[in-house]
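Q: In our numbering, the protein residues as written are 3 to 130. My structure is below; once you've seen it, I'll send some questions.
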């Protein structure tokens with residue numbers, strides 16, 4: 003919980019500092035915003051090890067269906083990377099690029115989930 007508070011304070015402080023610089027030197031405001039984003043993203047990456055430990059426990063329960071867990075992890079990774087990249091592009095004033103990244107992310111999630119859809123369809127036809 004205290005980690006979230008630290009990240010929140012870092013984010014708000016970074017935005018306030020960027021606003022101060024943005025009036026006289028807009029590029030400095032963008033650099034500060036980008037730097038704060040990288041710091042917060044680094045904090046998120048440190049949390050990944052704790053999540054991976056929990057996913058190892060889930061993996062034990064799944065038995066032979068571990069492919070579903072790997073697909074879930076791919077989808078989560080795609081969404082986080084696309085969201086972060088699109089946000090940085092929007093902050094830099096490149097909304098069109100951000101929109102294209104979001105579209106690519108949605109398509110990638112759809113394609114990553116197709117094997118699960120096919121498995122469900124196979125199960126449905128197997129029951130009939």
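Ideal Cβ placement from N, Cα and C applies to all residues, glycine included.
Name the two residues that bound the continuous alpha helix (DSSP H) containing residue 115.
A: Within the chain shown, residue 115 is the residue found at index 113, counting from 1. Counted as a single uninterrupted DSSP element, the alpha helix (DSSP H) harbouring residue 115 occupies residues 97 to 129.
Q: Quick one: any contact between the segment 62 to 76 and the segment 111 to 118, if contact means 3 or more CB pairs under 8 Å?
A: yes
Q: State buried or exposed for residue 103, treating a residue as buried only when at least 16 other CB atoms are found within 10 Å of its CB.
A: The count along the chain shown starts at 1 and reaches residue 103 at position 101. The C-beta of residue 103 has 16 or more other C-beta atoms within 10 Å across all chains shown, which makes the residue buried.
Q: According to DSSP, is residue 44 part of a helix, a strand, or is it coil?
A: For the purposes of this step, residue 44 is identified with residue 42 of the chain shown, where counting begins at 1. If DSSP states are grouped into helix, strand and coil, residue 44 belongs with the helices.
Q: Any idea what DSSP makes of residue 65, helix, strand or coil?
A: Walking along the chain shown from the start, residue 65 turns up at place 63. Reduced to three states, the DSSP call for residue 65 is coil.
Q: Quick one: what does DSSP say residue 94 is sitting in, helix, strand or coil?
A: Residue 94 sits at position 92 when you count from the first residue of the chain shown. Looking at residue 94 - three-state DSSP - the assignment turns out to be coil, as it is neither helix nor strand.
Q: Assign residue 24 to one of three DSSP states: helix, strand, or coil.
A: Counting from 1 along the chain shown, the entry for residue 24 is found at position 22. Helix.
Q: Take residue 64 and list the residues in its own chain whose beta-carbon comes closer than 8 Å to its own, dropping the five residues that flank it on each side.
A: The count along the chain shown starts at 1 and reaches residue 64 at position 62. Cβ neighbours of residue 64 beyond the five flanking positions: 70, 71.
Q: Tell me the rounded alpha-carbon separation between residue 90 and residue 56.
A: In the chain shown, counting from the first residue as 1, residue 90 sits at position 88. In the chain shown, counting from the first residue as 1, residue 56 sits at position 54. Going by the C-alpha atoms only, they are around 30 Å apart.
Q: With distances taken between CB atoms, is the gap from residue 36 to residue 9 smaller than 8 Å?
A: Translated into the one-based positions of the chain shown, residue 36 becomes position 34. Translated into the one-based positions of the chain shown, residue 9 becomes position 7. Not in contact: residue 36 and residue 9 (Cβ atoms no closer than 8 Å).
Q: In whole angstroms, give me the CA-to-CA distance for residue 127 and residue 121.
A: Counting from one through the chain shown, the residue named residue 127 turns up at place 125. Counting from one through the chain shown, the residue named residue 121 turns up at place 119. Roughly 10 Å separates the two Cα atoms.
Q: Give me the residue from 30, 81, 95, 27 with the minimum Cα distance to residue 106.
A: As a working note, residue 106 is residue 104 in the chain shown. When only C-alpha atoms are compared, the closest one is 81.
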